Every structure is written in C-alpha cells, then in structure tokens.
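Going by the working numbering, the sequence shown opens with residue 150, and the numbers climb by one from there.
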Amino acid sequence: MNYGNITILGLQWGDEGKGKVVDYFTEGVDIVARFGGGANAGHTVVNDRGKFILHLLPSGIINPDVKCFMGGGMVVDPVGLFEELDDIEAKGINCDNRLYIDYNTHLVLPQHKGIEKYSEGLVKGKSIDTTMRGIGPTYADKANRIGITAGDLANDERLADKVNLYIRKKKARLAVLGDESLLDPNKLIGFFTPYKEQIRNMLIDVTSELKSAIDQNMKILFEGSQGSLLDLGLGNYPFVTSSNTTIGGLFTGLGVPPGVQGEVLGVVKAYTTRVGNGPFPSEISGETGEKLREKGGEYGATTGRPRRCGWLDTAIVKRTAFMSGVTGLVLTKLDVLDGLDEIDVCVGHSRDGKLYDFPPLSGDFMSGVEPVYETLPGWQNPTADISDYKKLPEPAKRYIDFIEYQIEKPVKYISTGSRRSAFAKKS
Ligand code: IMO
Ligand code: MG
C-alpha cells in the first residue's frame, strides 16, 4: 500500500536537518502533519522567503499552499506557539486557516516548566540536560491521565473542571516547588485566557481530517521531530525525550493506520551530533571535533547549547533505519566534511570482547562500549552547494557507497548546504 505520501524521520540524536528536508518535500504536498514532541525541536528552514527557526510549528508552515496539522501526539505550549506564529507572520507568512490542532493534543502548563526546573536542578551533573520546555512533565501528566488538552479549551466549564481537578491531584507535588501561584486554579484558568479563542478556532479531529484527505487522494507529508535515539522506548534511555520519535509515534500520534506513511525518508547527518548528556561512542574530542562544530554551525537551535560532535555511527543508524522501515536515506551536511584527510566511520560497538554491528541503544549498554572504526579517505574539493550527484568528488561518492553498504539502505538524496538548491538526487 503506498498512497504517494511521504514520511520524514531523524535517525540519529536529532538535528539531522529534518527542517530543510521537510521544506524541500512540501512542494506538491497538501497537508503536513506533525505527530510528536513539542517546542524541544529546533528546525531550521532557509529558502527564498528567508531563514526560519521553528519549534512547534510543522516545517510545512513556510509553504503557503500547505495546511499544517499538530497531532494529538504532540505537546503544545500556548505561549511558545503564539510567539512563533507572530514571528513568522512578521516575516510575511500568512497562517490564517492553515494551522490546526487536534482536540487530544496536550498543553504545556507553567506547572510543567516549574516541575522540570526543579527536578533537573536536583541532580546537577547527573541531569538529562533537557531543553527545559516542559516536555517530560507534560507527557507524564498525560500518562497520569490528568493532563489538559487543547480540546478542553473549547468549553469554559469543562476547562474549569479540568483545571480544578488537576490542581487538586497535583497539589502535594506542586507544593515543593515553593511557588504559590502554581497552586492557584484561577491563575491557571487565567493563563489560558489570551490563547483560548485562537486555539478554539484551530481545533480539529486530525484522524478524521486525514481520513478525508486520504479518501480524496491528497498528498500528506508526515513530519517527525527529534531523532530515533531520543525515542522514549526504543532509544538511549534514560537520555531520551518523552515521546516516540520512531515510526510507531506516527500512528499513535495521528490515529492513522500502518501503510499510509508512504516513502519513509530517514535523515542522517554525514557525521553525528548530540546535545545534552548521555553516552556518545563516536564522539570526537579535540581539534577535529571543534572544526566540525564550527563549520557545521553545531549550536542548538532551541537552546543555543554547543552540540557534541562525532563521526557517523552506521551501526546505530542500521538499527534505527530498520526500526522505522526506512525506504531511503537523505544524507545531510556532507559539505561539512570537505577538506579532511581521512574520515572515520563507526561500524560497530565492542563490549567485553564482543562486536555489535546492530547494537542495543539503551544508555546503560551504550555507556560501556568502545567504537570500532573503519577509516576512509577524505576529499579536498568542496562539495558545498553541489546539486548534481555526478559532480561530487570520487572519495565523497565512495563514502556514500560505504554508508549504503553498512546501513543496508539506499541513499536517495544528498544535501550539501542549508540552501534549498543544495540538494542532489542519487539515481
Ligand atoms: P529536533 O527536532 C536535539 C534532547 C535534549 C535532551 C533530551 C531530552 O531539533 O531534532 P527534552 O527537552 O525533550 O525532555 O530533552 O532530548 N532533545 C533534542 N536534541 N534535537 C531535538 O529536536 C531534541 N529534542 C530533545 O537535548 O538531551
Ligand atoms: Mg534540535
């Protein structure tokens, strides 16, 4: 079953360049539906309309012909949402009647940010080093079945009921934060006042809308956020986010059946980066790591934190590409490797004398492994902005062939810079 739809997922620790790839593939698409995460994402899109950094909004919003859905698997911070909308509208993007939110989408409350600040602060040095956007506490309240959803804003009485119940159930937990205002239900009701009307106008039943779209043969792009290693259940636990970032999150986050995903493009950076704490077997320390960070502009789009840099780990990506049924790879930021004499690729993890070329991803297992490298020749000619595959230097093509062989998936596209035109199709 292939509906001509397209799914875009990150196969590493996030920041693979999903924003650019989504923007590229929104041409000819009717709907972009984002299924998970919240304002922890940082998606940079550069096109002829300008440079945009998006957190909550699906990257399709930049294309005026596309409708965007925020699915029930997301957690949406009303403050951040309207700041972001103001920002892109100021840059000339009209979002009227184009942006919708599912009734079931949970909302990030000031309480969630308070809890996160408190709990991350308790374990300085051992924290996960989250983005502090309230993501974990919001998903926890969802799992606790006390969260407040976008649909709760549809009716004032229902909202007051939900808020009162929420505060009653959470009071003891919230009291330790030492901020009286977080215990006051009226204050929380008031928090929604500036956003209520606008969110009401965006409410839809995403599953039903997607079914109609599928019935009418419309083309849908399913947008992933975060990377596969940050998947709550399948990733580098506990150094993960609190949502499912791999393919399963698409189905549970939007209420659509397996099969509608169409082509699943796995986005892979030509090297690896990670923000936040946790094991990173192919991390490079010293000058080469520093060079990649500077050349690749590897500073968090959400928090500004310097990203940790390392070599590409094909052992990890073989596993994450398998888990999501990836049908093709998009290799990004190849140009950042220009000018290196040699390039290492981590093809396996070794632990207690055993080699893992399809390694377990849990934090405990991964923190005890050593990387196993193969070294390939680098290339001196620049690849930046090359959009014709044939024009890539021979060693760069060999690097790409090697990646395909190791990951066991075809590389279908290569991105060689942030501009939209810097995109080569490998036939
Ligand atoms: P995009 O969509 C990179 C990381 C955080 C932290 C961990 C948990 O841009 O790829 P959270 O705030 O989610 O509870 O933090 O997950 N993280 C990301 N790292 N890119 C992202 O999104 C990320 N979203 C979360 O740094 O280590
Ligand atoms: Mg990011």
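Every residue gets a Cβ at the ideal spot worked out from N, C-alpha and C, and that includes glycine. Nothing here was measured: the structure is a model prediction, and the numbers come from that model.
Check your understanding: Taking C-alpha atoms, which residue in F184, D164, N189 and I157 lies nearest to F174?
Key -> Walking along the sequence shown from the start, residue 174 turns up at place 25. Closest in C-alpha terms to F174, from the list F184, D164, N189 and I157, comes I157.
Check your understanding: Helix, strand or coil: which one does DSSP assign to N151?
Key -> Translated into positions along the sequence shown, residue 151 becomes position 2. Annotation note: pLDDT 47 at N151 (below 50); position unreliable, coordinate value reported separately. Note: N151 maps to coil in three-state DSSP.
Review point. Out of R547, G517, M351 and R317, which has the shortest C-alpha to C-alpha gap to D245?
Key: Taking the sequence shown and counting its residues from 1, the one referred to as residue 245 is at position 96. When the alpha-carbon of D245 is set against those of R547, G517, M351 and R317, the nearest one is in M351.
Point to revise | Distance cut 5 Å, beta-carbon to the ligand MG heavy atom: residue list by chain order | key: Counting every residue whose Cβ lies closer than 5 Å to a heavy atom of the ligand MG, we get G163, D164 and G191.
Point to revise | Residue(s) in a DSSP beta bridge with V521 | key: Here residue 521 refers to the residue found at position 372 when the sequence shown is read from its first residue. Here V521 is bridged, per DSSP, to G497.
Point to revise | Q410 versus G397 - alpha carbon distance | key: To locate residue 410, count along the sequence shown from 1; it is residue 261. To locate residue 397, count along the sequence shown from 1; it is residue 248. Here the alpha carbon of Q410 sits roughly 11 Å from the alpha carbon of G397.
Check your understanding: Can you find a heavy atom of the ligand IMO that lies under 7 Å from the Cβ of Q375?
Key -> For this step, residue 375 is matched to residue 226 along the sequence shown. Remark: the C-beta of Q375 is in contact range of the ligand IMO, defined as less than 7 Å to any heavy atom.
**Study point:** Proximity below 8 Å, CB of G384 to CB of V475
**Key:** Counted from its first residue, the sequence shown places residue 384 at position 235. Counted from its first residue, the sequence shown places residue 475 at position 326. Not in contact: G384 and V475 (Cβ atoms no closer than 8 Å).
Practice item. Consult DSSP for G415 and reduce its assignment to one of helix, strand or coil. Key: As a working mapping, residue 415 is identified with position 266 in the sequence shown. Strand.
**Study point:** Residue from S511, N243 and D236 whose Cα sits closest to the Cα of V215
**Key:** Within the sequence shown, numbered from 1, the residue matching residue 215 stands at position 66. Of the listed residues, the one whose Cα sits closest to V215 is N243.
Point to revise | M223 (DSSP reduced to helix, strand or coil) | key: For the purposes of this step, residue 223 is taken as residue 74 along the sequence shown, with counting starting at 1. M223 falls in the strand class under three-state DSSP.
Practice item. Could you check how far apart the C-beta atoms of G402 and M223 are, in whole angstroms? I think they sit under 8 Å. Key: By 1-based counting over the sequence shown, the position of residue 402 is 253. By 1-based counting over the sequence shown, the position of residue 223 is 74. Correct: roughly 7 Å between the Cβ atoms.
Review point. Near D484, what residues of its chain come up, given a Cβ to Cβ distance below 6 Å and the 5 sequence neighbours on each side ignored?
Key: On the sequence shown, position 335 is the one that residue 484 refers to. Residues T532, A533, T565 and G566 of the same chain have their beta carbon placed closer than 6 Å to that of D484, with the five preceding and five following residues left out of the count.
Check your understanding: Given a threshold of 16 other Cβ atoms within 10 Å of its Cβ, counted over all protein chains shown, does Q161 qualify as buried or as exposed?
Key -> Within the sequence shown, numbered from 1, the residue matching residue 161 stands at position 12. It is buried - the Cβ of Q161 has at least 16 other Cβ atoms within 10 Å.
Practice item. Ignoring anything shorter than 4 residues or poking outside the region 281-355, list the alpha helix (DSSP H) runs there in chain order. Key: Fully enclosed alpha helix (DSSP H) runs of 4 or longer: 284-292, 305-324 and 334-351.
Point to revise | Selected residue, minimal CA-CA separation from Y212, among G177, V479, V518 and A190 | key: As a working mapping, residue 212 is identified with position 63 in the sequence shown. Note on residue identity: the sequence assigns Asn, not Tyr, to residue 212. For the residues G177, V479, V518 and A190, the minimum Cα distance to N212 belongs to G177.
**Study point:** From E232, L480 and K482, residue whose alpha carbon lies closest to that of Q347
**Key:** For the purposes of this step, residue 347 is identified with residue 198 of the sequence shown, where counting begins at 1. Considering only alpha carbons, the answer is E232.
Point to revise | Exposed unless 16 or more other CB atoms sit within 10 angstroms - verdict on N151 | key: Counting from one through the sequence shown, the residue named residue 151 turns up at place 2. The predicted position of N151 is uncertain, since its pLDDT is 47 and thus under 50; a value taken from the coordinates is nonetheless stated next. Residue burial is scored here from C-beta neighbours: N151 has fewer than 16 other C-beta atoms within 10 angstroms and is therefore classed as exposed.
Check your understanding: Cα-Cα, which of K467, G285, L441 and P520 is closest to P455?
Key -> In the sequence shown, the residue the question calls residue 455 occupies position 306. Nearest to P455 by alpha-carbon distance, out of K467, G285, L441 and P520, is L441.
Check your understanding: Taking only runs of the beta strand (DSSP E) that begin and end inside the region 349-415, which ones reach a length of at least 3 residues, in chain order?
Key -> For secondary structure counted as the beta strand (DSSP E) over 3 or more consecutive residues, the region 349-415 holds these complete runs in sequence order: 369-376.
Exercise for review: Report yes if the C-beta of F201 is less than 7 Å from at least one heavy atom of the ligand IMO; otherwise report no.
Suggested key: Counting from one through the sequence shown, the residue named residue 201 turns up at place 52. No, the ligand IMO has no heavy atom inside 7 Å of this Cβ.
Review point. Which parts of the region 420-450 are runs of the alpha helix (DSSP H), unbroken and 4 residues or longer, counting only runs that do not cross its ends?
Key: If only complete runs of 4 or more residues are kept, the region 420-450 shows the alpha helix (DSSP H) at 436-445, in order along the chain.
Check your understanding: In its own chain, which residues sit with a C-beta less than 7 Å from the C-beta of S536, not counting the 5 before and 5 after it?
Key -> Mapped onto the sequence shown, residue 536 falls at position 387. Same-chain partners within the cutoff: S570, A571, F572 and A573.
**Study point:** Where P544 sits in the DSSP three-state scheme
**Key:** As a working mapping, residue 544 is identified with position 395 in the sequence shown. When secondary structure is reduced to three states using DSSP, P544 falls in the helix class.
**Study point:** DSSP-derived helix/strand/coil call for R183
**Key:** Translated into positions along the sequence shown, residue 183 becomes position 34. DSSP, reduced to helix, strand and coil, places R183 within a strand of the structure shown.
Review point. In terms of alpha-carbon separation, which member of I264, E519 and L230 lies closest to G285?
Key: Numbered from its first residue, the sequence shown carries residue 285 at position 136. Ranking the options by Cα distance to G285, first place goes to I264.
Review point. In the structure shown, what three-state DSSP assignment does I157 receive?
Key: If you number the sequence shown from 1, residue 157 lands on position 8. Three-state result, I157: strand.
**Study point:** Contact belief for I155 with L370 at Cβ below 8 Å, rounded distance in angstroms
**Key:** Residue mapping note: residue 155 aligns to position 6 of the sequence shown, counting from 1. Residue mapping note: residue 370 aligns to position 221 of the sequence shown, counting from 1. That belief holds up - the Cβ atoms of I155 and L370 are roughly 5 Å apart, short of 8 Å.
Review point. The ligand IMO heavy atoms versus the CB of S391: any closer than 7 Å?
Key: One-based indexing of the sequence shown puts residue 391 at position 242. Judged by the Cβ position, S391 qualifies as a neighbour of the ligand IMO at the 7 Å threshold, a heavy atom of the ligand being closer than this.
Point to revise | Own chain partners of A362 with C-beta closer than 7 Å, once the 5 adjacent residues on each side are dropped | key: The count along the sequence shown starts at 1 and reaches residue 362 at position 213. Contacts found: D179, I180 and I369.
Check your understanding: Can you name, in chain order, every residue of its own chain whose Cβ lies under 8 Å from the Cβ of E165, other than the five neighbours on each side?
Key -> The sequence position of residue 165 within the sequence shown is 16, counting from 1. Within its own chain, the residues whose Cβ lies closer than 8 Å to the Cβ of E165, once the five positions on either side in sequence are excluded, are G159, G376, V416, V417, K418 and T481, listed in chain order.
Check your understanding: Can the beta-carbon of V194 be found closer than 8 Å to that of L205?
Key -> Within the sequence shown, the letter at position 45 stands for residue 194. Within the sequence shown, the letter at position 56 stands for residue 205. The criterion of a C-beta distance shorter than 8 Å is not satisfied by V194 and L205.
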